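Structure record follows, encoded as structure tokens.
There are 2 protein chains.
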Amino acid sequence: MENFILHTPTRVLFGKNQISNLRNEVPSDARILITYGGGSVKRNGVLDKVYSALAGMHVSEFGGIEPNPAYETLMKAVEQVRNEKIDFLLAVGGGSVLDGTKFIAAAADYEGDPWNIMETVGSKITRAIPLGSVLTLPATGSEMNAGAVITRRTTGDKQHFFSRHVMPKFAILDPEYTYSLPPRQVANGVVDAFIHVMEQYLTYPVDAKVQDRFAEGLLQTLIEEGPKALQEPENYAVRANIMWSATMALNGLIATGVPVDWATHMLGHELTAMHGMDHGQTLAVILPVMMQYKRQQKHAKLLQYAERVWNLRDGSEDQRIDGAIAATRNFFEQMGIKTHLRDYGLDGSTIPAMLEKLQEHGMTALGEHGDITPEDSRKIYEAAL
Amino acid sequence: MENFILHTPTRVLFGKNQISNLRNEVPSDARILITYGGGSVKRNGVLDKVYSALAGMHVSEFGGIEPNPAYETLMKAVEQVRNEKIDFLLAVGGGSVLDGTKFIAAAADYEGDPWNIMETVGSKITRAIPLGSVLTLPATGSEMNAGAVITRRTTGDKQHFFSRHVMPKFAILDPEYTYSLPPRQVANGVVDAFIHVMEQYLTYPVDAKVQDRFAEGLLQTLIEEGPKALQEPENYAVRANIMWSATMALNGLIATGVPVDWATHMLGHELTAMHGMDHGQTLAVILPVMMQYKRQQKHAKLLQYAERVWNLRDGSEDQRIDGAIAATRNFFEQMGIKTHLRDYGLDGSTIPAMLEKLQEHGMTALGEHGDITPEDSRKIYEAAL
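If you read the protein sequences in the order shown, they are chains A and B. For the first sequence, position 26 (counting from the first letter as 1) is numbered 25 according to numbering that gives the first Met the number 0, and the numbering increases by one without interruption. For the second sequence, position 16 (counting from the first letter as 1) is numbered 15 according to numbering that gives the first Met the number 0, and the numbering increases by one without interruption.
Structural data, given as structure tokens:
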């Protein structure tokens, strides 16, 4: 096991009607900006509940944060924050609203060109406006971590940053708020969470037994509950298990002391930036190919995954690994997410342009060994067609 | 799944030589009191490392906190804290030093008789001196939670309290510091952590799949690694896995949204208070009897435990449950901990006195259903002979 530091100070309020505790989580004299997305929180009544919970407090709002939140949109919110002297941000929505709100929190307090904060380590961020969230879409884990992914539409860049200063103060997780999600978003969320776990699990063994067991438990839960969420949208236990899995998948816990991969995400980001594919779709397309392409380096963990997650114990090692890769792809398809680029109308003609973007973003040595070159990425994109 | 709030703000610094980060975790102008136990931290050099790390800072010390830390001892430290205007406490040791330090932290700032803070909910505690820890014995999980257990020698009382104000600010967990532990303490620690998990797992199903999987993963890890720690004291990976399991076993994570038992602990506390048995010994004696005594109420979870933790899938349900109970007892014995009261020279003559103490401490409706009466407790003690 490698050395690590774990710090997850976000207060999680999980369950039915936890919104009734919202008022106690925000400073009573705060000037609050509620941020949200395309308006689903208006239609499903969650925004009304937030306003009721904050009755009498100083509240304004900024709506319209899109999926894969855009720098151009967020900068308008930054201006509003500065003009209205906002000192607390409340994200009401899913991962995109949360990520966008983290950018707003950091950019509003940043001197200079805010796009400069988009660096992996985020070391340029020395302070941020405090924020909390009311989550409506379990997927990204953003509600309990220090990261965010932002897209700049004008240049087609999708990049991430991390800073402890944007770690949410609290997260209200009410599984009932997820009942009204469209099936496509449910599926994307489950697949996103699943692949978050895989990025931190499917590398090479370092004898980190707790982390491995936790990761496997999350994968098993998502496999069991994901399809049920599509079939029984108002099954509370199913929604609760998915919501908790998604938070645990990316709050730092299972990354403690182990190598991490994230190559699938990096290749997926370019697909979203260039073609507007859903984040979950890009991951479902890339991961099975990545598993196949790196099957030698990931051999030991692939066998462990086959046995413990898919109960594949018979046949040769290669057969078990083939079985695990097929089962993974089948799970995504079962969730209603297609797993080939041609399913999304792509013919490979933009692969050279995506490889250029990868290089521009410094993504030339990807994976847990840093051995995935642009040439490897080309082969992976091609195999994903 | 039940509603819950999870808040674990303790910063964990895990791994080799994390002591080099200690200085950054303590306010630079703090007046620090280092607390420790019987002197093993002097013999193994950990205390020297702490002093080196804090060179030039204002540091004094209080040693002699005993296993099952005594109110009478701790009140001397409270006096020292007040006299020296200490404003940061650094616990260097195991769970007893940590628990004792939590009591010092709360009592030093408490007006009135400090024994009054010993209430389950600790609502009388409104502030405490901040504290951190350098852990040397993985077992109690006290390094990342808000609880403490204190014994009053003069009256034979062993009671616990909880307060968010005594949650440690940080915990330095270096597995190498555990190499020199005597086998008895290693065994007690593994069994203690194991039974912490069981108290939060072996109740009744509430469809909390993540929590169940996490709990099972911790149990499996302790079963795999515990005996190895006795055989290979300087196996870093083994020590690291045990240390991380023990912290995860009682930091609130696996208790989220599920019923909890704790009856084994309550019955065990009286054995320690009256007879001075090690905490781990008392748990190893009581738990197998508790599993048998409550096998009907715990039926579903016992079957799940048998299948997932011990891989018992054949035979009747009763046979699998019998097998799981026997395997549990065998694991404790394999760790070198005897599992019958007679192994510790007890003949049952003090059971009436222990039952009186249980009643005095309000422990008359124990377990996840609150249905373990004093009469049940008597039968459990008798069956444990």
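Backbone N, C-alpha and C fix where the C-beta goes; we use that ideal spot for every residue, glycine too. These numbers were taken from a predicted model, which means no experiment stands behind them.
- Where B:H195 is concerned, the enclosing alpha helix (DSSP H) starts and stops at P182 to Y200.
- Residues of chain B with a Cβ closer than 7 Å to the Cβ of A:F3 are, in chain order, F13 and G14.
- Secondary structure of B:P174 (DSSP, three-state): helix.
- Rounded to the nearest angstrom, the Cβ distance from A:Y178 to A:G92 is 15 Å, too far for a contact under 8 Å.
- Using a Cβ distance threshold of 9 Å, B:G14 and B:A192 do not count as a contacting pair.
- Of the other Cβ atoms in all chains shown, fewer than 16 fall within 10 Å of the Cβ of B:D370; this residue is therefore exposed.
- Secondary structure at A:S19: helix, using DSSP grouped into helix, strand and coil.
- In the three-state DSSP reduction, B:Q295 falls in the coil class, being neither helix nor strand.
- Residue pairing by DSSP places B:E60 opposite B:I33 in a beta bridge.
- Considering only A:M143, A:L286 and A:H264, the residue with the shortest C-alpha distance to B:P8 is A:M143.
- B:A127 counts as buried, since at least 16 other C-beta atoms from the protein chains shown sit within 10 angstroms of its C-beta.
- Between the region 187-202 of chain B and the region 216-230 of chain B there are three or more inter-stretch CB-CB distances shorter than 8 Å, so the stretches are counted as touching.
- The contact set of B:L217 on chain A, defined by CB atoms closer than 8 Å, consists of V209 and R212 in chain order.
- Between B:L21 and B:L53, the C-beta gap is smaller than 9 Å, which places the two residues in contact.
- When only Cα atoms are considered, A:R212 and A:V133 end up about 29 Å apart.
- Taking C-beta atoms as the reference points, A:L384 and A:P373 fail to come closer than 9 Å.
- In summary, the residues of the region 253-268 of chain A whose CB is separated from some CB of chain B by less than 9 Å are T255 and G256, in the order they occur in the chain.
- Contact between B:K168 and B:R10 holds, since their C-beta atoms are separated by about 7 Å, short of 8 Å.
- Just so you know, the alpha carbons of B:A325 and B:P287 end up roughly 8 Å apart.
- Between A:D98 and chain B, the shortest Cβ-Cβ separation is not below 9 Å.
- Taken in chain order, the whole alpha helix (DSSP H) runs of length 4 or more contained in the region 249-333 of chain B are 262-274, 278-292, 298-309 and 316-333.
- Taking 9 Å as the cut-off, the Cβ atoms of A:I116 and A:I124 count as close.
- Chain-order list of chain A residues neighbouring B:W243: V209, by C-beta distance under 7 Å.
- Annotated three-state conformation of B:L130 is strand, per DSSP.
- With the rule of 3 Cβ pairs closer than 8 Å, the region 60-80 of chain A counts as touching the region 105-114 of chain A.
- At a cut-off of 9 Å between beta carbons, B:Q303 makes no contact with chain A.
- Chain A has no Cβ within less than 9 Å of the Cβ of B:R312.
- In the DSSP secondary-structure assignment, A:L12 is bridged to A:I171 and B:I4.
- Within the region 91-163 of chain A, the alpha helix (DSSP H) runs of at least 4 residues that lie entirely inside it are, in chain order, 94-107.
- Annotation: B:R341 is outside any alpha helix (DSSP H) and is labelled neither H nor E by DSSP.
- A residue is called buried when at least 16 other Cβ atoms come within 10 angstroms of its Cβ; A:E215 meets this threshold and is buried.
- Below the 9 Å Cβ cutoff, chain A contributes no neighbours of B:M56, its closest Cβ being approximately 21 Å away.
- Residue burial annotation: B:E231 is exposed, with fewer than 16 other C-beta atoms found within 10 angstroms of its C-beta.
- Across the structure, A:Y176 and A:N43 are spaced so that their CA atoms are roughly 8 Å apart.
- In this structure, DSSP gives A:L384 a state outside helix and strand, which the three-state scheme calls coil.
- 9 Å or more divides the Cβ of B:T246 from the Cβ of B:L5.
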